[in-house]
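Novice: Structure provided below as structure tokens; questions to follow.
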Amino acid sequence: MRLYNYFCNMNRNLRYIILMMSVALIGIIIFQAYWISNSFDLHNKMFRNDVNMALERVLNQDVEVSTIGDIMDFRDSTGEPITIEAHRQAGEETKDQYFISREDLRRIIDKVVVSLATIHPELDEIGPRYKAELEGMRITTPFFLAFRKDGAIYSHTGADTSRFDKSQAVQRLPGIAMRKEQVLAFFPENRSYILNRMWLTLFASILLICLTAGSFFYMLVTLVRQRKLSEIKNDFINNMTHELKTPIATVSAAMEALVNFDAINDKSRSLKYIELSRKELSRLSGMVENVLRISTFEKQKLVLFKETFNVCQLLEDTAQQFQVQSPDKVQFNFDLKGPGYIHADKFHIQNVISNLFDNAIKYSQGSAVIDVTCARSAEFIVFSVRDHGMGITREQQQHIFEKFYRVPTGDLHAVKGFGLGLAYVRQILEVHGGTIGVKSQLGAGSEFTIALPEIQ
18 MRLYNYFCNM
28 NRNLRYIILM
38 MSVALIGIII
48 FQAYWISNSF
58 DLHNKMFRND
68 VNMALERVLN
78 QDVEVSTIGD
88 IMDFRDSTGE
98 PITIEAHRQA
108 GEETKDQYFI
118 SREDLRRIID
128 KVVVSLATIH
138 PELDEIGPRY
148 KAELEGMRIT
158 TPFFLAFRKD
168 GAIYSHTGAD
178 TSRFDKSQAV
188 QRLPGIAMRK
198 EQVLAFFPEN
208 RSYILNRMWL
218 TLFASILLIC
228 LTAGSFFYML
238 VTLVRQRKLS
248 EIKNDFINNM
258 THELKTPIAT
268 VSAAMEALVN
278 FDAINDKSRS
288 LKYIELSRKE
298 LSRLSGMVEN
308 VLRISTFEKQ
318 KLVLFKETFN
328 VCQLLEDTAQ
338 QFQVQSPDKV
348 QFNFDLKGPG
358 YIHADKFHIQ
368 NVISNLFDNA
378 IKYSQGSAVI
388 DVTCARSAEF
398 IVFSVRDHGM
408 GITREQQQHI
418 FEKFYRVPTG
428 DLHAVKGFGL
438 GLAYVRQILE
448 VHGGTIGVKS
458 QLGAGSEFTI
468 ALPEIQ
């Protein structure tokens, strides 16, 4: 239901693209399945034809071996052997004629009939010859043999007799036309054998389907991400317009008061308006600087000016700056265990700390209480910034380090900022070989933990 609602809320063009790609993908799968099924049936027919031909040749060989000696050993009524000789000179065309009595001819025919009717090769004899014949045709799958007469199996090898109903090769024993005995050959692994011979076809079909499906889903994910990014950027532009408008309006009002309301002649009022304008312009400059930082990271490699300094002391110094700016809005609690020296760009690390403090103040209801810790852990200096504000849901935690993402508060402009702070923090820490993690619970505040390599 959730997926259906998401699909219904999609842009119409995106829905059409998904529907067309789905139909195309299903069509390809159906076509490939039909093609593979036909190919399997064709290979199965070829297999049955080959194993039947091989069995027929083996049985005919058995007849020749069993009868040639008996049939040619003829005797007359007195028991004397009948010898048939033919004399022909080289290059002379002759028409051979042999004369034999009717009684001897009848006896010869009876003997031939009896010989053909009584030929019954053993399965143990047929098996090795049949296997050799199959190997000559490159068929190596195992098989079982059986004799059947009048629908009943009376001799077999290996397999259960009921399985011979699915025999792939069935041949009548050679002999007189009325003979009803059959030789059956059952191949239990014929399907696996055929599929093994079709492996290239199967692999190509599966690969084609996977590539098509993968391309479809990749395109879908890309389109959804682009749509989401477009929405986030629109939100960013709207919020940026609101953020920039406030200091501009404040400065304009201060300048208007100085010019139109004779405040310029009142030194105290003039200083008040000028200081207000200076603060607003400074805030405006900071906003622009945040946007430019992210843009610089994307366009070129960041140049770091590294130095060795005590990050625990930097935490305390930065906190004092915030307390000076807003003494009534923030309270810091420190737990700094010893110096923690790192080799890093001090300017950017201080910006990281300032961003964390700034977020803690923004998302705290009323006066902000911020707990700051710093200590050594293995080969890292680990420090954390914890607030007691509104907190972040588990789903929101997956996106807070993305550009332009801001934790929603119900009012678009209730919380100031462009959603670039934590994205900047993560990028700075990555280029320094550090990490950042977050623990948060809705309504119980958030804790950001940063680890940076300790100087060796």
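Numbering-wise (this note's numbering), the sequence shown opens with residue 18 and increments by one. The C-beta atom is built at its ideal place from N, Cα and C for all residues, glycine as well. In this text, all values refer to a predicted model and were calculated from it rather than measured experimentally.
Alpha carbon to alpha carbon, how far is L237 from E333? Give it in angstroms, no decimals.
Specialist: The residue labelled residue 333 in the question sits at position 316 within the sequence shown. The residue labelled residue 237 in the question sits at position 220 within the sequence shown. The alpha-carbon atoms of E333 and L237 are separated by roughly 48 Å.
Novice: DSSP three-state call for R345: helix, strand or coil?
Specialist: Residue mapping note: residue 345 aligns to position 328 of the sequence shown, counting from 1. It should be pointed out that residue 345 corresponds to Asp in this sequence rather than to Arg. The answer is coil: DSSP assigns D345 none of H, G, I, E or B.
Novice: Identify which residue in Q415, K262, I359 and S457 has its Cα closest to the Cα of I472.
Specialist: One-based indexing of the sequence shown puts residue 472 at position 455. Ranking the options by Cα distance to I472, first place goes to I359.
Novice: Taking 7 Å as the cut-off, is the C-beta of Y147 nearer than that to any heavy atom in the ligand FAD?
Specialist: Absent from the structure shown: the ligand FAD. Ligands present: none.
Novice: Would you kindly work out how many angstroms separate the C-alpha atoms of L459 and G406, rounded to a whole number?
Specialist: Working through the sequence shown from its first residue, we reach residue 459 at position 442. Working through the sequence shown from its first residue, we reach residue 406 at position 389. Approximately 9 Å between the Cα atoms of the pair.
Novice: Near A5, what residues of its chain come up, given a Cβ to Cβ distance below 8 Å and the 5 sequence neighbours on each side ignored?
Specialist: Since the first residue of the chain shown is 18 and the last is 473, residue 5 is not available in this structure.
Novice: Alpha carbon to alpha carbon, how far is K262 from L293? Give it in angstroms, no decimals.
Specialist: Within the sequence shown, the letter at position 276 stands for residue 293. Within the sequence shown, the letter at position 245 stands for residue 262. Rounded to whole angstroms, L293 to K262 spans 15 Å at the Cα level.
Novice: Which of the three DSSP states is assigned to H365 in this structure?
Specialist: Residue numbering aside, residue 365 sits at position 348 when the sequence shown is read from its first letter. Three-state DSSP puts H365 in a helix.
Novice: When DSSP builds the beta bridges, which residues end up paired with D352?
Specialist: Position 335 of the sequence shown, counted from the start, is the residue given in the question as residue 352. BP columns for D352 point to T390.
Novice: Report the CB separation of D67 from M154 in whole angstroms; it is logged as a contact under 8 Å.
Specialist: In the sequence shown, the residue the question calls residue 67 occupies position 50. In the sequence shown, the residue the question calls residue 154 occupies position 137. Contact flag correct, Cβ pair sits at about 6 Å.
Novice: Are the beta-carbon atoms belonging to K378 and V347 less than 8 Å from one another?
Specialist: On the sequence shown, position 361 is the one that residue 378 refers to. On the sequence shown, position 330 is the one that residue 347 refers to. Sequence check: residue 378 is Ile here, not Lys. Yes; because the gap between Cβ atoms is below 8 Å, this pair is in contact.
Novice: Where F220 and Y235 are concerned, what is the direct C-alpha to C-alpha distance, given to the nearest angstrom?
Specialist: Stepping through the sequence shown from its first residue, residue 220 is reached at position 203. Stepping through the sequence shown from its first residue, residue 235 is reached at position 218. So the alpha carbons of these two residues sit roughly 22 Å apart.
Novice: Using the Cα positions of S54 and F160, report the straight-line distance between them to the nearest angstrom.
Specialist: For the purposes of this step, residue 54 is taken as the residue at position 37 of the sequence shown. For the purposes of this step, residue 160 is taken as the residue at position 143 of the sequence shown. Roughly 24 Å separates the two Cα atoms.
Novice: How would you label G438, buried or exposed, when you count the other beta carbons within 10 angstroms and need 16 or more for buried?
Specialist: One-based indexing of the sequence shown puts residue 438 at position 421. Classification of G438: buried, given that the 10 Å Cβ count is 16 or more.
Novice: For F326, list the residues DSSP reports as bridge partners.
Specialist: Taking the sequence shown and counting its residues from 1, the one referred to as residue 326 is at position 309. BP columns for F326 point to I359.
Novice: If S463 and I409 are in contact, beta carbons under 8 Å, what's the gap, nearest whole angstrom?
Specialist: If you number the sequence shown from 1, residue 463 lands on position 446. If you number the sequence shown from 1, residue 409 lands on position 392. About 5 Å; that satisfies the 8 Å criterion.
Novice: Locate the alpha helix (DSSP H) running through A461, then write down its first and last residues.
Specialist: Numbered from its first residue, the sequence shown carries residue 461 at position 444. Here A461 belongs to no alpha helix (DSSP H), and DSSP marks it neither H nor E.
Novice: Return the residue from the list T390, H365 and S232 that minimises the CA-CA distance to D404.
Specialist: Counting from 1 along the sequence shown, the entry for residue 404 is found at position 387. Out of T390, H365 and S232, T390 has the C-alpha closest to the C-alpha of D404.
Novice: Less than 8 Å between the C-beta atoms of R214 and H60, yes or no?
Specialist: Within the sequence shown, residue 214 is the residue found at index 197, counting from 1. Within the sequence shown, residue 60 is the residue found at index 43, counting from 1. Yes; because the gap between Cβ atoms is below 8 Å, this pair is in contact.
Novice: Who are the Cβ neighbours of F487 in its own chain at under 6 Å, not counting the five residues just before and after it?
Specialist: Outside the displayed range of the chain (18 to 473) lies residue 487, so it cannot be described from this structure.
Novice: Within its chain, find whatever has a CB closer than 7 Å to the CB of L42; leave out the 5 residues flanking it on each side and keep chain order.
Specialist: Translated into the one-based positions of the sequence shown, residue 42 becomes position 25. Closer than 7 Å at the Cβ level, and outside the excluded window around L42, lie T229, A230 and F233.
Novice: By a C-beta neighbour count over all protein chains shown, 10 Å radius and 16 as the cutoff for buried, is K166 buried or exposed?
Specialist: Locating residue 166 in the sequence shown gives position 149, counting from the first residue. Per the 10 Å Cβ criterion, exposed.
Novice: Helix, strand or coil for P205 per DSSP?
Specialist: Numbered from its first residue, the sequence shown carries residue 205 at position 188. Residue state, collapsed to three classes: coil.
Novice: Rounded to whole angstroms, what is the Cα-Cα separation between N30 and L240?
Specialist: Locating residue 30 in the sequence shown gives position 13, where the first residue counts as 1. Locating residue 240 in the sequence shown gives position 223, where the first residue counts as 1. If you take the alpha carbons of N30 and L240, they lie about 11 Å apart.
Novice: With L446 as the anchor, note down where its beta strand (DSSP E) starts and where it stops.
Specialist: As a first step, residue 446 is located in the sequence shown; it is residue number 429 there, counting from the start. Counting along the chain, L446 falls outside any beta strand (DSSP E), though it belongs to the alpha helix (DSSP H) covering G438 to V448.
Novice: Identify every residue that forms a DSSP beta bridge with S401.
Specialist: The sequence position of residue 401 within the sequence shown is 384, counting from 1. Its beta-bridge partners are T390 and T466.
Novice: Excluding the 5 residues flanking Y171 on each side, which residues of the same chain have their C-beta closer than 8 Å to its C-beta?
Specialist: Working through the sequence shown from its first residue, we reach residue 171 at position 154. Contacts found: F164 and R165.
Novice: Specify, as a first and last residue, the run of the beta strand (DSSP E) that R411 falls within.
Specialist: Translated into positions along the sequence shown, residue 411 becomes position 394. Note, R411: premise wrong, no beta strand (DSSP E); alpha helix (DSSP H) at R411 to Q414.
Novice: Taking Cβ positions, are V455 and Q414 nearer each other than 8 Å?
Specialist: The residue you call residue 455 lines up with position 438 of the sequence shown. The residue you call residue 414 lines up with position 397 of the sequence shown. Contact flag set, yes.
Novice: Roughly how many whole angstroms lie between the Cα atoms of A336 and N372?
Specialist: The residue given as residue 336 occupies position 319 in the sequence shown. The residue given as residue 372 occupies position 355 in the sequence shown. Their Cα atoms are separated by approximately 11 Å.
Novice: Using the three-state DSSP reduction, which class does G454 fall into: helix, strand or coil?
Specialist: Residue numbering aside, residue 454 sits at position 437 when the sequence shown is read from its first letter. Residue state, collapsed to three classes: strand.
Novice: For the putative contact between L162 and V200, defined by C-beta atoms under 8 Å, what is the C-beta separation to the nearest angstrom?
Specialist: If you number the sequence shown from 1, residue 162 lands on position 145. If you number the sequence shown from 1, residue 200 lands on position 183. Right, their Cβ atoms sit about 7 Å apart.
Novice: Over the uninterrupted alpha helix (DSSP H) stretch that includes R165, give me the two end residues.
Specialist: The residue labelled residue 165 in the question sits at position 148 within the sequence shown. Premise fails: R165 lies in the beta strand (DSSP E), F161 to K166, not in any alpha helix (DSSP H).
Novice: Identify the residues that DSSP records as bridge partners of V187: which are they?
Specialist: As a first step, residue 187 is located in the sequence shown; it is residue number 170 there, counting from the start. In DSSP, V187 forms a bridge with L201.
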